[in-house]
Amino acid sequence: MSQELQSELVEKEIEANLAALPETAELSLLIKEALARTTGRLSGKENKESRPWLLLPLIVCESVSGEYEPAVPVAAALLLAKAAAELFDDIEDQDTPRALYLKWGLPIATNIATTMLILSEKAIPGLRARGIPDHKIVHIMDIINSFHGHTCTGQHRDLSISPGTVITEEDYLSITGMKSASQIECACYTGAYLATDDEMKINAFARFGYNLGMAVQIANDIKGIVEGIDIIKRKTTLPVIYGLTQVEGEDLSRLTKTYMANSETTADPVEIKDILFRTGAIYYATVKIEMYKQAAVDALSTVKAGGVNTQQLKELLD
Amino acid sequence: MASKALPELIKAAFRDEKTKQEFRTNPERVLARYSLSEQEKRAVLAANTNLGLATSSSASVESTIEALDFWM
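Going line by line, the protein sequences match chains X and H. Position in the first sequence counted from 1, then plus 6, gives you the numbering used here. Position in the second sequence counted from 1, then plus 471, gives you the numbering used here.
Now the structure itself:
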């Protein structure tokens, strides 16, 4: 089934959840605006492509069992939680000029994010109407909350790093795994769990999701350097950690002045981007992406022998 | 623990012109001098095939990033 039709099914599921709210009109509009930011789908539907990870529960479920419908309530729950997390993230980071809390005000934005978290929880029992037994629904609730706990812990560790502190690559990868990769891991785990009781397959899809999530986050780090946004914000991402630990001489001096605590040096995106490319810092990050992509493909290979159709997931990875 | 061999290889390939040229013509021979894991070797060769030694931003770097960033 096309991703567009799958997206519409998830949207209908969310509509049904929104309809359960009292006096929904204004609240629903704001929630839909937040959801549109998260999916990438414009509210007028001019852009019908969604970010594919939001459909991963459906795609994985279909890969294993040939059916995607059982995963629709989970995809709706994860989308609502993701949109809530993005709203909270904007409030916590205060570094996005287009953030919705700047448009709505902090109290409204906080309430909208909280409402979406509640709706996310309420979406999961919708699995019963899809024929999923209660013991599986309870496990899905538990596992989703466990993954969200990982995300919150990663966010706490990230927020607790003092400005100008250079963390190790191990710490960076650990935080990235908790903050970012765990969300895609959760989407894949739940999609597989709804399709099978085979733990080997479920864990293989979780590994696929984790490694994909790591690759995606490192690609986002490189994008932040190429576009200069993360340099202006002085974000210590993987290429920067490589630069600060492996580069020498004048280039290291420029990097240190830019990223050190209380630096009065203005970050020069053109210069820093040039240093990170010229010294191999960006190349190092691209090799790391390849390592995670290969680990994701290897995870898929372990389930292919068990009759799982991995073609669509491999195509999405490429 | 992060591998020490991978940064060492990349430092050499980006800093030393002779190693850079050798890497471009025969990457396997350069890789053989470093204690890389099989996973690291595969990743370096894949990155090399896709992007070459990316010393500056290029259309291929940006398309590689966009393909994954689409997931964010």
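All residues carry an ideal CB built from backbone N, CA and C; glycine is no exception. If you're wondering where the values come from, they're calculated on a predicted model, not measured in any experiment.
{"Item": "Are any of the Cβ atoms in chain H nearer than 8 Å to that of X:Gly197?", "Value": "no"}
{"Item": "Does DSSP put X:Glu293 in a helix, a strand or coil?", "Value": "The sequence as given places Val at residue 293 of chain X; Glu does not occur at that position. Helix, per DSSP."}
{"Item": "Return the residue from the list X:Glu176, X:Asp99, X:Ala129 that minimises the CA-CA distance to X:Asp236.", "Value": "X:Asp99"}
{"Item": "Who are the neighbours of X:Pro58 on chain H, taking C-beta pairs under 9 Å?", "Value": "Phe541, Trp542"}
{"Item": "Along chain X, which residues have their Cβ under 7 Å away from the Cβ of H:Ser527?", "Value": "Phe283"}
{"Item": "Taking its Cβ as the centre, do 16 or more other Cβ atoms sit within 10 Å of X:Thr30, making it buried, or is it exposed?", "Value": "exposed"}
{"Item": "Residues of chain H with a CB under 7 Å from the CB of X:Ile173: which are they?", "Value": "Under the 7 Å cutoff, chain H gives no residues; its nearest Cβ is about 12 Å from X:Ile173."}
{"Item": "In whole angstroms, give me the CA-to-CA distance for X:Pro76 and X:Gly234.", "Value": "42 Å"}
{"Item": "Taking DSSP as the reference, what is the three-state secondary structure of X:Asn315?", "Value": "coil"}
{"Item": "According to the neighbour-count rule (16 or more other Cβ atoms, all chains shown, within 10 Å of its Cβ), is H:Asn497 buried or exposed?", "Value": "exposed"}
{"Item": "If you count every other CB in all the chains shown that lies within 10 Å of the CB of X:Ile124, and 16 or more means buried, which is it?", "Value": "exposed"}
{"Item": "Measuring alpha carbon to alpha carbon, tell me which residue in X:Thr271, X:Tyr265, X:Glu254 is nearest X:Thr242.", "Value": "X:Tyr265"}
{"Item": "Enumerate in chain order the residues of its own chain whose CB-to-CB distance from X:Ile288 is below 7 Å, with the five nearest sequence positions on each side excluded.", "Value": "Ile228, Ile231, Pro245, Leu282"}
{"Item": "Put X:Thr182 into one of helix, strand or coil per three-state DSSP.", "Value": "helix"}
{"Item": "With a Cβ-Cβ cutoff of 8 Å, do X:Asn217 and X:Tyr298 count as a contact?", "Value": "yes"}
{"Item": "Which class does X:Lys51 belong to by DSSP, given the choice of helix, strand or coil?", "Value": "Only weak support is given to the placement of X:Lys51: the predicted model assigns it a pLDDT of 46, under 50, and the question is left unresolved by the model."}
{"Item": "How would you call X:Arg134, buried or exposed, if buried means at least 16 neighbouring beta carbons within 10 angstroms?", "Value": "exposed"}
{"Item": "Would you decide whether X:Leu48 is buried or exposed? Buried here means 16 or more other CB atoms lie within 10 Å of its CB.", "Value": "Confidence is the limiting factor: at X:Leu48 the pLDDT is only 41, short of 50, which leaves the residue's position unreliable, though a coordinate-based value still follows. Label assigned to X:Leu48: exposed."}
{"Item": "Does the contact criterion of 3 or more C-beta pairs under 8 Å hold for the stretch 208-222 of chain X versus the stretch 180-195 of chain X?", "Value": "yes"}
{"Item": "What in chain X is Cβ-close to H:Arg513, meaning under 7 Å?", "Value": "Gln300"}
{"Item": "Helix, strand or coil for X:Gln100, going by three-state DSSP, please let me know.", "Value": "coil"}
{"Item": "State the Cα-Cα distance for the pair X:Glu92 and X:Leu86, rounded to the nearest angstrom.", "Value": "10 Å"}
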